[in-house]
Every structure is written in structure tokens, then in C-alpha cells.
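Here the sequence shown is numbered in the working numbering, starting from 563 and rising by one per residue.
Ideal Cβ placement from N, Cα and C applies to all residues, glycine included.
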Amino acid sequence: MSALAQPLAASAVQSVDWLAIAPPTLTAVVALAALVTDLFVPQARKPVLGWLSVAGLAAAGLLLLPLLDGDRATFCLTGQPDVCSYRADHFTLVIQFLVLGGALLAALLSVTALKDARGGLPEGEYWFLLLSSAAGAALMPAARDLATLVVALEVASLPAFALVGLRHGDRRSSDAALKFFLSSVTATAVTLLGVSFVYATTGTLYLTQIAERVQHVDGRLLTLAQTGVVLTLVGFAFKLAAVPFHFWVPDTYVGAPLPIAAYLSVVGKAVGFTGLILVTVVALPSYADVWGPALAALAALTMTVGNVGALRQQATRAYSAVRLLAWSSVSQAGYLLVPIAAAGYTKDPQKAIGSTVAYALMYAAVNLGAFAVAALVGRTRERNRVADYRGLYATNPLTALLLAFFLLCLAGLPPGVIGLFAKVTVFSAAVDAGLGWLAVVMAVNVVIALYYYLQWTALLFRAPEGERAGHRVPAPLTAALTLTGVLGVALSGAPQLVLRFASHGLF
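Listed below in C-alpha cells is the structure:
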């Protein structure tokens, strides 16, 4: 009996590549450390938790460097080393860099926000939830089976619900968290139903095995498989804020602490488009005739509705600056979807996916920069209206120039060369895939977006109305503005590096 039991026991043990899983693991460990440390740190020293979290995210980002030398995998099936649950390839590392970098910048904004809140936000819980969500988001691009994908999606999402509603006694925060939670739970339930359909028709959860087996599904199960494909995409489309799964965005961004809105606008989108890419291009390439047209229609609808929503924002309305950035993020999600849809129509999907990743890197840097300026202005203008930015150049010239640069990048206008380059790259992906109609819709939407981006930019340089106090910039905010500004300017000088970095050997 012992001789038989030994090989069975050995087959149940998997070797773990600790270096491959180090970035999300360290992030999760630091989250727990922040929560435990909070129990022993007096109130006056709570800011140390923020700097511990910033250091942890920076260290997790540095752990990506040893992984650049090759493709690593772990949690693989015994006897099948190519069938794994976790893979640290180039695609994984690029998205983890985006996630951890975005979380680091959100953490820098949070240090100042928590200090300004003066105890209104529980610091230990705040940092634990932020880092836990970042750990789930960093796990997402490495997941190579549907179970791990769903777990990563929920680990990234559940702490975000709590972060949105963490301001006790704030009705807007509670309403935003409830709307975010209920809509997300519905989307997750639909996604799980889709995953169960895919599993029922293929008999496996591993993405590479699904890609092989789904081509040979019994004809009687074909409709079930196609339904599973569509339903599986819903949860990731929700995280990406694609229309019609976008309705939670404006209220959630306004109700959440501003650093969390910034985090959701970048890291939440990274979770969404990463899941879409893995499910469509890696697991279901043979069903491109199903998800390709669906994502193309979603892209056109998302960018159009997002731009129309941004156009409707009134400069004097309370929180109109945050709402405009929220609707802008919806429209940007449409641009991110274009190359993923194009991957369903082209023989070189890796090139198309590279365009999405390159656009996401550009968007992350400049959008976080715009939120950093909004956080700065919001310290003295609590209602954070677009009208509050009038004459910003007269009191804070450098901050005004940075915001103008970020807005021009989002619009795709010089000197924001990186924004122009990213939009041209996405446009080219649509044209190369034969999606001429989608390229036309995108071009029209880019022109529409110019109106509200340029209107806000012009407002910065107008004569201020009445007395305007200067904005003192705390050190963490200065660091966030400096990092995003330097990154945006450097990438505008050499935009081709982004595409090369994003698309080189993705899978």
C-alpha cells in the first residue's frame, strides 16, 4: 500500500516558483503587514502605514526585473509542464508593471488624502484594502485558467467596494459603494454562469486546453458554448466600464475618495482588458466570429456614450471635474477595446493586442496625472468644479501646464505626442483588421472629445475671477505629479518605445 501511495502523493505535490509569483505575493504580504501594524501604532504615527505601503508597492515593482530574462510558469499539471495556472511571460510583466505602478501613484495620492481627512478614513483598513485589490489585479495577467481568472477578478473587486464606501457618514460614498457592489455582483454572477458553460462544453478550465477542445465541441453543445463565451466576457466588460456596463462609473468616482477614483480609472481598467484578452485571444481564438463583432460594437458604443456624457457636464456643477474625468475614462475604454476587437479579424492578434497595451500605458500615466492635479485643487476647492480651475496658471503655473499637457495627451494633440501616437496605433489596428467603419467612428469621437478637453485646457489660462489662493503642494502629491509628468514627457519624446515594449513577444 505504501508503495502505491507514494507516487500518488508525489503527483499531488506541485513545485512553486516563488520568484515568478513574488510581485503579487509581496503586495499581499505588505497588505497584511499594514493591517497588523495598525493595531500597535498610535494615532499620531498612522502615516507610517502609508509609507510602508508605498515602499511595498515599489519593492513589488522591482521584483519584476529578475523575471525579464525569460518565460516562467508554475502551478502546472503533473506530466504536462505546458498546462499551468500561473505564467510570468512578457504580457504578464507589462500588465503587472502597469498595475503596480498605478497602485503606487494612487498610494502617493492617498498619503495626502488620509492626512487631510484627519481621521475620517481608517488608515489600517484603507491600506489593507488598497494593497489587497492591487494584489488581485497583479494576479490577473498571470492567470492561465478560468478559476484563477475569476478569483483574481474578485480579489481585485471586493476590496474596491469597501474603499469606495469607506468614508463613514458620507451619503454619497455609501450610495456609490452600494451601486458599485450590486452591479458588480450581478456581472460576476453572469460571468460565473458563462465559465460553467465553457467548462461543461470543454471539460477543462485551463485556457490553452480550452483553445484546443472548444474547436471540437459536439454540435448539440455549440449554442451552449457560444452562450458561455458571451457571458464570460460580461464581468470583464463591467470592470473595463464598457457601455452598457458603465452606469456605476460617474457616481462611484464622485463618491469615492479621489485617490480611489484614480485607482479605479487605471487599475480597474487594466483588470478588465486583461481578462478580455486572456479569454478571447488565448482561450477562445476559434470563436473570434462571436467575440470580434461583439467587442467592435461595444467599442463604438462605449466611446460614443462616454464622449456624449463628458460633453453634457456643466462647468459650474458640483464635482464636475471628477465627473468629466469619469466620462472621459468611459470613452477611453472604447479606444482600449478597438484593438482587442481587431484581434478577432486579423492573422496577427499579438500586434493588435500590443496596441491595446501601449494605449493603456499611455492612458495610465496621463490620467493619473490629471487626477493628481484634481486632488491638489480639491484640497482648497471641495466641490471640485471645472470652473474652479479657471486661472490656475496665475497661481500655480507649473501645475496648470502639467494639467494642460495631460489633457492634450488624452485628446491626442501635440505637445502630447504620446497621446497622438497611441491613438494612431489604435486607429491603425482597426484599419489593418478591415474594420473601416470602427476607425471612422473612432475618428469622429476623437474630434468630439477635442471640444471638452480643449475647453478645460483654455480655462486654465483665463484671467481668474476674484481672489485666488495658491495651492501648497505636499511632498507625496509633488512626487505623483513629478512621476506622471516626467513619464508623459519622456514617452512623448520616444513614443515608439512604448509600442516596442508593449508588443514584444506578448504570449
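N-terminal and C-terminal residue of the alpha helix (DSSP H) that ALA905 is part of = Segment: none, ALA905 is in no alpha helix (DSSP H) and carries neither H nor E.
key: Beta-carbon proximity check, VAL887 vs LEU671, cutoff 8 Å   = One point to set straight first is that residue 887 is Leu, not Val, in the sequence displayed. No, the pair does not count as a contact, with Cβ atoms beyond the cut-off.
message = So, with DSSP's three-state summary, where would you put GLN642?
response = strand
ask   = Among ALA606, GLU716, LEU588, which has the Cα closest to the Cα of VAL616?
value = LEU588
Exposure label - TYR815; buried when at least 16 CB within 10 Å = Around the beta-carbon of TYR815, 16 or more other beta-carbon atoms lie within 10 Å, marking it buried.
query = How many Å lie between ALA872 and SER577 at the Cα?
reply = 50 Å
key: TYR1014 - partner residues in DSSP beta bridges   = Note: TYR1014 sits in no beta bridge, so no partner.
ask   = Can you pull the DSSP bridge partners for THR636?
value = TYR648
ask   = Tell me the DSSP bridge mates of TYR881?
value = DSSP, once it has assigned bridges, lists no residue as partnering TYR881.
inquiry  = Quick check on ASP994: does DSSP put it in helix, strand or coil?
reply    = Three-state result, ASP994: helix.
query = How close, in whole Å, do the beta carbons of CYS833 and LEU1022 come, if the pair is a contact with beta carbons under 8 Å?
reply = Looking at the sequence itself, residue 833 is Val, so the reference to Cys does not match. The beta carbons of VAL833 and LEU1022 sit about 32 Å from each other, so the pair does not count as a contact at 8 Å.
message = Using 8 Å as the threshold, is the C-beta distance between VAL757 and VAL828 below it?
response = no
ask   = Is ALA705 helix, strand or coil by DSSP?
value = In the structure shown, ALA705 falls within a strand segment according to DSSP collapsed to helix, strand and coil.
inquiry  = According to DSSP, TYR768 sits in a beta bridge with which residue or residues?
reply    = ASP707
query = Taking DSSP as the reference, what is the three-state secondary structure of PRO821?
reply = helix
query = Which term fits GLU774, buried or exposed, when burial requires 16 or more other beta carbons within 10 angstroms of its beta carbon?
reply = exposed
key: 6 Å CB neighbourhood of LEU1012 in its chain, flanking five on each side removed   = ALA973
query = Is the CB-CB distance between VAL948 and ALA883 below 8 Å?
reply = yes
request  = With a 10 Å radius around its C-beta and 16 neighbouring C-beta atoms as the bar for buried, classify GLY641 as buried or exposed.
outcome  = exposed
query = Alpha carbon to alpha carbon, how far is ALA920 from LEU1061?
reply = 5 Å
Residue from VAL900, LEU838, ALA751 whose Cα sits closest to the Cα of THR866 = Minimum Cα distance to THR866 is reached at VAL900.
task = Name the two residues that bound the continuous alpha helix (DSSP H) containing ILE583.
result = That residue, ILE583, is in no alpha helix (DSSP H); it is neither H nor E in DSSP.
inquiry  = I want to know whether the stretch 851-870 touches the stretch 760-775 - three or more CB-CB distances under 8 Å.
reply    = No: fewer than three Cβ pairs fall under 8 Å.
ALA571 in three-state terms, based on DSSP = For ALA571, the pLDDT reaches just 42, beneath the cut-off of 50, and the residue's location in the model is therefore unreliable, although a value from the coordinates is still provided. ALA571 falls in the helix class under three-state DSSP.
ask   = In whole angstroms, what is the alpha-carbon distance linking THR748 and ALA895?
value = 20 Å
key: ALA804 (DSSP reduced to helix, strand or coil)   = coil
request  = Could you check what DSSP says for LYS608 in three-state terms: helix, strand or coil?
outcome  = coil
query = ASP579 and THR636 look like a contact to me (Cβ under 8 Å); what is the Cβ gap, rounded to whole Å?
reply = 4 Å
key: Beta-carbon separation (whole angstroms), GLY686 vs PHE659, contact threshold 8 Å   = About 27 Å separates the beta carbon of GLY686 from that of PHE659, a gap too long to meet the 8 Å contact definition.
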